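Asks: The structure under discussion is supplied below as structure tokens; questions concerning it will follow.
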Amino acid sequence: MAQQMVDALANPAPPWSRKKKRRKSEPRPAVETDEFIAPVEWTEEDAAALVKSYGVSLSEPLKFPINLCDEGSVVTKDGEFIGTWAMDAHAFPSFTPDGASSPLFTASLVGILCMDIRDWYEAETGEEIAY
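If you want it as structure tokens, here you go:
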């Protein structure tokens with residue numbers, strides 16, 4: 001036992017000694033901004049630019065069952081005009097049927113809006129739009 005105590009005292013890092021603690025990192029200081037970020041103003045020109053960028057041209061052949069045209073009209077593959085579409089202030093597309101004053105559908109994506117329009121059109125007319 002005495003020999004073990006001598007060996008333990010000679011050990012520079014015995015298991016029972018206090019270990020070095022890792023220094024914790026200090027929290028980052030908060031970034032202070034003096035500038036006020038103004039909200040973006042949504043204009044009719046912005047909405048028209050989005051409609052033009054997402055829409056297809058009527059001069060090209062219509063290849064989808066429901067086509068959202070670049071001037072804001074909604075046309076079937078056969079060329080039948082069924083309403084208009086527009087982008088709202090949150091850049092969500094909406095569909096207004098021909099003769100209606102308020103949008104019937106609003107979706108988060110253009111493709112979902114087209115599926116909703118197609119389902120509505122097929123239910124209204126009773127005919128299926130083929131691909």
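Number 131 marks the last residue of the sequence shown (full-length UniProt numbering); no jumps. Backbone N, C-alpha and C fix where the C-beta goes; we use that ideal spot for every residue, glycine too. The structure displayed is predicted, hence computed values, not measured ones.
Could you check the C-alpha separation between arginine 22 and threonine 33 for me, to the nearest Å?
Replies: Going by the C-alpha atoms only, they are around 33 Å apart.
Asks: Closest to valine 75 by CA distance: which of Phe92, Pro39, Asp98 and Lys24 is it?
Replies: Nearest option by C-alpha distance: Asp98.
Asks: Taking the CB atoms as reference points, tell me whether serine 108 and phenylalanine 92 lie closer together than 8 Å.
Replies: Yes. Within cutoff.
Asks: May I ask which residues mark the beginning and end of the alpha helix (DSSP H) holding serine 53?
Replies: 44 to 54
Asks: In this structure, how does DSSP classify valine 74 when only helix, strand and coil are distinguished?
Replies: strand
Asks: Rounded to whole angstroms, how far is the Cβ of alanine 86 from the Cβ of serine 73, which I believe are closer than 8 Å?
Replies: Contact between alanine 86 and serine 73 is absent: CB atoms are separated by about 11 Å, not below the 8 Å threshold.
Asks: Whether or not the stretch 63 to 73 and the stretch 114 to 123 are in contact is what I'm after, with contact meaning three or more pairs of Cβ atoms, one per stretch, closer than 8 Å; do they touch?
Replies: yes
Asks: Using only the alpha-carbon positions, how far apart do aspartate 7 and tryptophan 16 sit?
Replies: 14 Å
Asks: Out of His90, Ala89, Leu62 and Phe105, state which residue places its alpha-carbon closest to the alpha-carbon of glycine 83.
Replies: Phe105
Asks: Given tyrosine 131, which residues of its chain have a CB within under 7 Å of its CB, disregarding the five upstream and five downstream residues?
Replies: Pro65
Asks: Beta-carbon separation of leucine 62 and lysine 77 under 8 Å?
Replies: yes
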